[in-house]
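With the sequence shown counted from 1, adding 102 to any position gets you the numbering used here.
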Amino acid sequence: GGSLQLTATQQAIPASDGSMKTFRQNWISSDASVATVSATGKVTAVKPGSAVISVYNGKISASCNVTVSPKKTTLSSVSLTSAGKAKVKWKKQSGVTGYQIYRATSENGTYKKVKTIKSASTVTATLPANKGSKPYYYKVRAYKTISGKSVCGEFSSVKTCGPSQVKKAKAKANSGKKIKVS
């Protein structure tokens with residue numbers, strides 16, 4: 103959906119009657135499923151990928167490579183499973199190769215890639231949760247492989263998942279010298 107404006111200098115040549123003949127510019131996209139171009143050179147992104155935008159003006163032409171990155175991924179949730187693992191869930195994007203999951207030990211800390219999902223249709227991953235007392239912070243981004251290179255979209259917002267904690271603990275004296283904790 104993003105767009106940008108390309109410009110090209112209009113070619114004019116002298117005509118036989120002494121006037122100047124101006125050529126109409128003709129804009130073309132090599133792959134309109136990735137990026138379209140209007141008659142005035144406005145390029146609009148359609149889906150992740152690569153396209154060549156060309157302009158023809160009489161006998162002169164020029165071109166420019168356009169790469170459309172995946173859009174920002176939406177991280178739906180990060181929750182703790184009953185087995186004590188972190189379940190990361192995000193919204194599916196079309197036209198991508200897969201997703202990359204990053205994790206840090208603080209919200210503004212250094213994030214490291216912990217898993218690459220090589221399927222556009224997979225929207226969940228289960229990872230080991232932090233065994234310590236602090237939570238992990240997660241973010242996800244989509245990627246598209248173009249000419250053997252990964253082109254990445256923006257990271258999702260950050261969500262956190264901590265180790266499971268005991269809630270509403272109760273202690274009760276039992277017979278003898280024992281205490282029952284529940």
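C-beta: ideal position from N, C-alpha, C; glycine also.
Shown here, S163 sits in a strand according to DSSP, grouped into three states. Restricting attention to alpha helix (DSSP H) runs no shorter than 4 residues, the stretch 184 to 231 encloses none. Secondary structure note for K144: its beta strand (DSSP E) is the uninterrupted segment K144 to A147. Assigned with DSSP and collapsed to three states, N128 falls in strand. Scanning its chain for C-beta atoms nearer than 8 angstroms, with the 5 sequence neighbours on each side dropped, one finds around E209 the residues Y239, V260 and T262, in chain order. Cβ atoms of I155 and V145 come within 8 angstroms of each other, at about 6 angstroms. G264 and S135 have their alpha carbons spaced roughly 42 angstroms apart. Shown here, S171 sits in coil according to DSSP, grouped into three states, outside any helix or strand. Inclusion of K246 and V225 in the CB contact set at 8 angstroms is not warranted, their separation being larger than that value. One thing to note: A114 has its Cβ within 8 angstroms of the Cβ of M122. Around the beta carbon of P172, 16 or more other beta carbons sit within 10 angstroms, so the residue counts as buried. The beta carbon of F125 sits closer than 6 angstroms to those of Q113, N159 and G160, all from its chain and outside the five residues before and after it, given in chain order.
Looking at P150, V283, V139 and T228, the one whose alpha-carbon comes closest to that of T199 is P150. In the structure shown, the three-state DSSP call for S252 is strand. Across the structure, K217 and A185 are spaced so that their CA atoms are roughly 19 angstroms apart.
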